[in-house]
Amino acid sequence: MRILRLELKRVLKARITWILLALALLLSVLLAWLPTTYCYSNYTDEAGNEVNLTGLASIAYEKQLQSEAGGMVTPERVREAVETYQRCLAAYGVTESYDLPEGVYEREILPIAPLLHGVKEAFADPDTGMAPTIMEIDPEEIGDYYDVCESRIAALMEMEQPDSQAARRKAVEMYGKVGKPFQVYPGMSATVMDYQNIMGFLVLLFCVVIAAPVFSADYQSGADDILRCTRHGRARLGAAKLLAALIISGIAFVVCAVVHILTADSLFGWECTRTSVQMLYSIVTLADLNVGEFQLLFAVAGLLSVLASVSFTLFLSARCRSTVSSLACALVFSVAPVIISMAVPGALSTWLCSVLPASGTSIQASILYAMTDFQFLTLGGLAVWTPFAMIGASVIEIPLFSYLAVRSYCRHNA
Amino acid sequence: MELLIDHVSKRFRDKRAVSDISLELTPGVWGLLGANGAGKTTLMRMIAGNLQPDEGQIVYDGAPIGMLGERYRDIFGFLPQEFGFHQDFTVGDYLTYVAALKGLDERQGRRRIQELLERVSLLDVRGRKIARLSGGMKRRVGIAQALLNDPEVLILDEPTGGLDPGERVRFRNLLSEFAHDRIVLISTHIVPDVEYIATCHAIIKDGRLLATGSTEELVRLVEGRVWSCQVPADLVPEYESRLQVVSLRNENDGSVSIRYLRERPCNAGSVAATPRLEDLYLWLFPQGSMGNGKPVSRYQ
Numbered sequence: 001m002r003i004l005r006l007e008l009k010r011v012l013k014a015r016i017t018w019i020l021l022a023l024a025l026l027l028s029v030l031l032a033w034l035p036t037t038y039c040y041s042n043y044t045d046e047a048g049n050e051v052n053l054t055g056l057a058s059i060a061y062e063k064q065l066q067s068e069a070g071g072m073v074t075p076e077r078v079r080e081a082v083e084t085y086q087r088c089l090a091a092y093g094v095t096e097s098y099d100l101p102e103g104v105y106e107r108e109i110l111p112i113a114p115l116l117h118g119v120k121e122a123f124a125d126p127d128t129g130m131a132p133t134i135m136e137i138d139p140e141e142i143g144d145y146y147d148v149c150e151s152r153i154a155a156l157m158e159m160e161q162p163d164s165q166a167a168r169r170k171a172v173e174m175y176g177k178v179g180k181p182f183q184v185y186p187g188m189s190a191t192v193m194d195y196q197n198i199m200g201f202l203v204l205l206f207c208v209v210i211a212a213p214v215f216s217a218d219y220q221s222g223a224d225d226i227l228r229c230t231r232h233g234r235a236r237l238g239a240a241k242l243l244a245a246l247i248i249s250g251i252a253f254v255v256c257a258v259v260h261i262l263t264a265d266s267l268f269g270w271e272c273t274r275t276s277v278q279m280l281y282s283i284v285t286l287a288d289l290n291v292g293e294f295q296l297l298f299a300v301a302g303l304l305s306v307l308a309s310v311s312f313t314l315f316l317s318a319r320c321r322s323t324v325s326s327l328a329c330a331l332v333f334s335v336a337p338v339i340i341s342m343a344v345p346g347a348l349s350t351w352l353c354s355v356l357p358a359s360g361t362s363i364q365a366s367i368l369y370a371m372t373d374f375q376f377l378t379l380g381g382l383a384v385w386t387p388f389a390m391i392g393a394s395v396i397e398i399p400l401f402s403y404l405a406v407r408s409y410c411r412h413n414a
Numbered sequence: 415m416e417l418l419i420d421h422v423s424k425r426f427r428d429k430r431a432v433s434d435i436s437l438e439l440t441p442g443v444w445g446l447l448g449a450n451g452a453g454k455t456t457l458m459r460m461i462a463g464n465l466q467p468d469e470g471q472i473v474y475d476g477a478p479i480g481m482l483g484e485r486y487r488d489i490f491g492f493l494p495q496e497f498g499f500h501q502d503f504t505v506g507d508y509l510t511y512v513a514a515l516k517g518l519d520e521r522q523g524r525r526r527i528q529e530l531l532e533r534v535s536l537l538d539v540r541g542r543k544i545a546r547l548s549g550g551m552k553r554r555v556g557i558a559q560a561l562l563n564d565p566e567v568l569i570l571d572e573p574t575g576g577l578d579p580g581e582r583v584r585f586r587n588l589l590s591e592f593a594h595d596r597i598v599l600i601s602t603h604i605v606p607d608v609e610y611i612a613t614c615h616a617i618i619k620d621g622r623l624l625a626t627g628s629t630e631e632l633v634r635l636v637e638g639r640v641w642s643c644q645v646p647a648d649l650v651p652e653y654e655s656r657l658q659v660v661s662l663r664n665e666n667d668g669s670v671s672i673r674y675l676r677e678r679p680c681n682a683g684s685v686a687a688t689p690r691l692e693d694l695y696l697w698l699f700p701q702g703s704m705g706n707g708k709p710v711s712r713y714q
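Protein chains in written order, with our numbering: chain U, 1 to 414; chain P, 415 to 714.
What follows is the structure, encoded as structure tokens:
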């Protein structure tokens, strides 16, 4: 314990550690606030003046406008919303809402818009995947809205996973277990989650930068020659260095994630966290979660990914002889899921992006996008949904790379 | 107490850094002499357990050090030739950190750090960052950490580099006091640092052990080969080009006294001089031709 305490003190005494941790905390607040700046509303007031609203004022305005839409998404309410939509567009003789005269959309459609989320997708053509316009949907068919959604996931999986019956069966089974009817509480957009992803990725990079020199800096400076020939200078010191890096990274991520989520939810409204993820993403999203649970699960998966990445970075640090090489290798592996998701095609990309330590919080290939997607890792008759694979990989990688890091440190030069 | 280096060899790619060295170290100060690149550092790192020999083994009191592991490191102190510190460590923080790694409890550690900082005259810089200390002060911090656990085996690789003459003297005295009933091995190419405090010396060249013995035994190897004479100042360059000159001294009459190494005197005016360890060192490691010293077989 004393060695761990001294090691923690050593790492925390480094100025670069404090700079990075302070920057991470600042960014977690900034990245929670930033999505509010994209919110924009405009309307014409009673005096005929055009009013433009941005940021929190816009959020408050739209929430007030859509307050009636909030609550349970029952088939009846969806049908009423579709009928209202169709009546409005028919009254103005248009087929698309953007052809409505100025001010009509805000007055007639915007208040019911949250209930219309996913309707077109639910009624998409099972063979082509093409979604109809709302005007083409028969309101009578909405009586079986959630049956339609379940048919939709089956059709979608036929297109997404034509070669894996196991994946198709698993997806339908998972969607069947999703709690229905859905809930919707207007005010929050998927952008908030994108920014939580960016926050997680940046904190991961900072933690990797802190962890990369843990062993290699001692090799490079020669400090290691003294430390490793002390009584506790091998396995115990290796374990203390590893634990210190994991503790600092873990606490840094937890603090940043908590600050980010608290800030974002305070800005957008806590009631939004009760919205089902299906009302924010695809109506057939497989996760049985509301937005609050989704934020929490994403944070936990992000934490596991950060710890897996730090363990892997420490392993690299124990293998490299200089801080430059350990930092360069660690950063390459941290951004590898981003590059792989863009450059490598097909199942190989899915596999790699699921098992790399940084996948959980990576941009584009993170667990956030995996949870709103329909990718499965398939092996024979086995199909694993990629978010489960990512979490499972991290859980295995943390002890595996931790062990390898300490072992490599003990065997350095041997 | 005995540290046995038993037919130890180490190769780095094409270069054989240490070649079949055997040495039995007993309590006392040992000087390990050799030119740069002779293999001293490699040998010391193997004794420290930081490098594994390709062949042979190092045995402490009958047990290979690899098997002793923690028990060996517990009685071991090491100051490498080149070593670093974490940039943000103060002297006190660093010594506290190493004391914990050496298994000293907090109270023991505090007391020992206080004692050693006094001994190496660093008490007033205890709270200063090591990165801001002079080279000599950093070296003294290194010496202090090596002594923290009161080691039975102390290995110091070029410990006096960067120390001023006063610090060197204090360091020599400190080691002489410390060395009772302990094995202290000091590697250096600065002969006076060990000439008067080492009870025994080992001389290595090109990774091979050339000779071992006390100062008196070793200087006998160059007995009859150290000469001095006085020559006119204008002939000094010619003598320097022909002879292995150890030292030059200008005399009041305008001539120059030279001390040189040679099998036979170079002129009639030469007289035999009393050999010193430095003469042996220069005989074995001629300046400007370090790799082409005298035949090894003559000294083994």
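Every residue gets a Cβ at the ideal spot worked out from N, C-alpha and C, and that includes glycine.
What do you reckon, are the CB atoms on U/A365 and U/P387 nearer than 8 Å? Counting from one through the first sequence, the residue named residue 365 of chain U turns up at place 365. Counting from one through the first sequence, the residue named residue 387 of chain U turns up at place 387. For U/A365 and U/P387, no; Cβs fall outside 8 Å.
Quick one: what does DSSP say U/A47 is sitting in, helix, strand or coil? To locate residue 47 of chain U, count along the first sequence from 1; it is residue 47. The answer is coil: DSSP assigns U/A47 none of H, G, I, E or B.
Among the residues of its own chain, which have a CB less than 6 Å from the CB of U/G420, if the five just before and after it don't count? As displayed, chain U neither begins before 1 nor continues past 414, which places residue 420 of chain U out of reach and without an answer.
Using a threshold of 8 Å, state whether the C-beta atoms of U/A308 and U/S408 are closer than that. If you number the first sequence from 1, residue 308 of chain U lands on position 308. If you number the first sequence from 1, residue 408 of chain U lands on position 408. Going by C-beta atoms, U/A308 is not nearer than 8 Å to U/S408.
In angstroms with no decimal places, state the Cα-to-Cα distance between P/A647 and P/V636. For the purposes of this step, residue 647 of chain P is taken as residue 233 along the second sequence, with counting starting at 1. For the purposes of this step, residue 636 of chain P is taken as residue 222 along the second sequence, with counting starting at 1. Roughly 27 Å between the two C-alpha positions.
Can you check which of these residues, U/I142, U/I109, U/A171, U/Y145, is closest to U/I153 by C-alpha distance? Taking the first residue of the first sequence as position 1, residue 153 of chain U is located at position 153. Comparing Cα-Cα distances from U/I153 to each of U/I142, U/I109, U/A171, U/Y145, the minimum goes to U/A171.
DSSP three-state label for U/C39, please. The count along the first sequence starts at 1 and reaches residue 39 of chain U at position 39. Residue state, collapsed to three classes: coil.
Proximal residues to P/P494 (C-beta, below 7 Å), its chain only, five neighbours per side dropped: Position 80 of the second sequence, counting from 1, holds the residue named residue 494 of chain P. These residues qualify, in order along the chain: D571.
Measuring CA to CA, which of U/I251, U/N49, U/S221 is closest to U/V306? Numbered from its first residue, the first sequence carries residue 306 of chain U at position 306. Nearest of U/I251, U/N49, U/S221 to U/V306, Cα basis: U/I251.
Burial state of U/Y98, where buried means 16 or more other Cβ atoms lie within 10 Å: Within the first sequence, the letter at position 98 stands for residue 98 of chain U. Exposed.
Which runs of the alpha helix (DSSP H) fall wholly inside the region 11-96 of chain U and span at least 4 residues, in chain order? Fully enclosed alpha helix (DSSP H) runs of 4 or longer: 15-33, 55-65, 75-91.
Please name the residue or residues paired with U/Q375 in a DSSP beta bridge. As a position in the first sequence, residue 375 of chain U is number 375, starting the count at 1. Note: U/Q375 sits in no beta bridge, so no partner.
Under 8 Å, with one C-beta from each stretch per pair, do the region 82-98 of chain U and the region 22-40 of chain U reach the 3-pair mark? no
Grouping DSSP H, G and I as helix and E and B as strand, with all else coil, what is P/N666? Counted from its first residue, the second sequence places residue 666 of chain P at position 252. P/N666 falls in the coil class under three-state DSSP.
Within-8 Å CB hit, P/Y511 to chain U: Within the second sequence, residue 511 of chain P is the residue found at index 97, counting from 1. Yes, its Cβ sits closer than 8 Å to a Cβ of chain U.
What number of angstroms, rounded off, separates the C-alpha of U/L296 from the C-alpha of U/G302? Stepping through the first sequence from its first residue, residue 296 of chain U is reached at position 296. Stepping through the first sequence from its first residue, residue 302 of chain U is reached at position 302. If I take the Cα positions, the gap works out to 10 Å.
Quick check: the region 312-331 of chain U against the region 203-215 of chain U, are at least 3 beta-carbon pairs closer than 8 Å? These segments touch.
Do you know how far the Cα of U/G70 is from the Cα of U/A60? Along the first sequence, one-based indexing puts residue 60 of chain U at 60. Along the first sequence, one-based indexing puts residue 70 of chain U at 70. In a straight line, the C-alpha of U/A60 is about 14 Å away from that of U/G70.
Is the Cβ-Cβ distance between P/D475 and P/M415 less than 8 Å? Along the second sequence, read from residue 1 onward, the residue named residue 475 of chain P stands at position 61. Along the second sequence, read from residue 1 onward, the residue named residue 415 of chain P stands at position 1. Yes. Within cutoff.
Can you tell me whether U/S402 is buried or exposed, with buried defined as 16 or more other CB within 10 angstroms of its CB? Within the first sequence, numbered from 1, the residue matching residue 402 of chain U stands at position 402. The residue is buried, with at least 16 neighbouring Cβ atoms inside 10 Å.
Could you name the residues that DSSP lists as bridge partners for P/I600? Locating residue 600 of chain P in the second sequence gives position 186, counting from the first residue. Per DSSP, P/G445, P/L570.
Determine the DSSP secondary structure at U/T273, reduced to helix, strand or coil. Along the first sequence, read from residue 1 onward, the residue named residue 273 of chain U stands at position 273. Of the three classes helix, strand and coil, the one that applies to U/T273 here is helix, per DSSP.
For U/Y105 and U/L115, what's the separation of their Cα atoms in angstroms? In the first sequence, counting from the first residue as 1, residue 105 of chain U sits at position 105. In the first sequence, counting from the first residue as 1, residue 115 of chain U sits at position 115. Roughly 15 Å separates the two Cα atoms.
Looking only at C-alpha atoms, which of P/Q644, P/Q658, P/D578 sits nearest to P/S684? For the purposes of this step, residue 684 of chain P is identified with residue 270 of the second sequence, where counting begins at 1. Nearest option by C-alpha distance: P/Q644.
Can you look up P/L437 in the DSSP assignment and give me helix, strand or coil? Stepping through the second sequence from its first residue, residue 437 of chain P is reached at position 23. Looking at P/L437 - three-state DSSP - the assignment turns out to be strand.
Using three-state DSSP, classify P/Y674 as helix, strand or coil. In the second sequence, the residue the question calls residue 674 of chain P occupies position 260. P/Y674 falls in the strand class under three-state DSSP.
Under a CB-based cut-off of 8 Å, is P/E572 close to chain U? As a working mapping, residue 572 of chain P is identified with position 158 in the second sequence. No, P/E572 lies away from the interface with chain U (no Cβ there is under 8 Å from its Cβ).
Output the distance between the C-alpha atoms of U/T285 and U/G129, rounded to the nearest integer angstrom. Numbered from 1 along the first sequence, position 285 holds the residue referred to as residue 285 of chain U. Numbered from 1 along the first sequence, position 129 holds the residue referred to as residue 129 of chain U. The straight-line gap from Cα to Cα measures roughly 16 Å.
In chain U, what lies closer than 8 Å to P/F499 by C-beta? Along the second sequence, read from residue 1 onward, the residue named residue 499 of chain P stands at position 85. Those are S221, A223, listed as they occur along chain U.
Residue burial classification, U/Q196 (beta-carbon count within 10 angstroms, cutoff 16): One-based indexing of the first sequence puts residue 196 of chain U at position 196. Counting C-beta atoms within 10 angstroms of its own C-beta, U/Q196 has 16 or more neighbours from the protein chains shown and is therefore classed as buried.
Range covered by the beta strand (DSSP E) that runs through P/P646: Taking the first residue of the second sequence as position 1, residue 646 of chain P is located at position 232. From DSSP, the beta strand (DSSP E) with P/P646 extends over 640-646.
Whose Cβ in chain U lies nearer than 7 Å to the Cβ of P/E484? Your numbering for residue 484 of chain P matches position 70 in the second sequence. Going along chain U in sequence order, the residues near P/E484 (Cβ under 7 Å) are R231.
Helix, strand or coil at P/R469 [DSSP, three-state]: Here residue 469 of chain P is taken as the residue at index 55 of the second sequence, counted from 1. The residue you asked about is not Arg; residue 469 of chain P is Glu in the sequence shown. Correct three-state label for P/E469: strand.
P/S535 lies in the beta strand (DSSP E); which residues open and close that run? Taking the first residue of the second sequence as 1, we reach residue 535 of chain P at position 121. Premise fails: P/S535 is in no beta strand (DSSP E) and is neither H nor E.
Please state whether DSSP places U/N290 in a helix, a strand or coil. Against the first sequence, residue 290 of chain U aligns to sequence position 290. The answer is strand: DSSP assigns U/N290 an E or B state.
Inter-residue spacing [alpha-carbon to alpha-carbon] between U/S235 and P/L675: Taking the first sequence and counting its residues from 1, one reaches residue 235 of chain U at position 235. Taking the second sequence and counting its residues from 1, one reaches residue 675 of chain P at position 261. Reading the sequence as shown, one finds Ala at residue 235 of chain U and not Ser. If I take the Cα positions, the gap works out to 52 Å.
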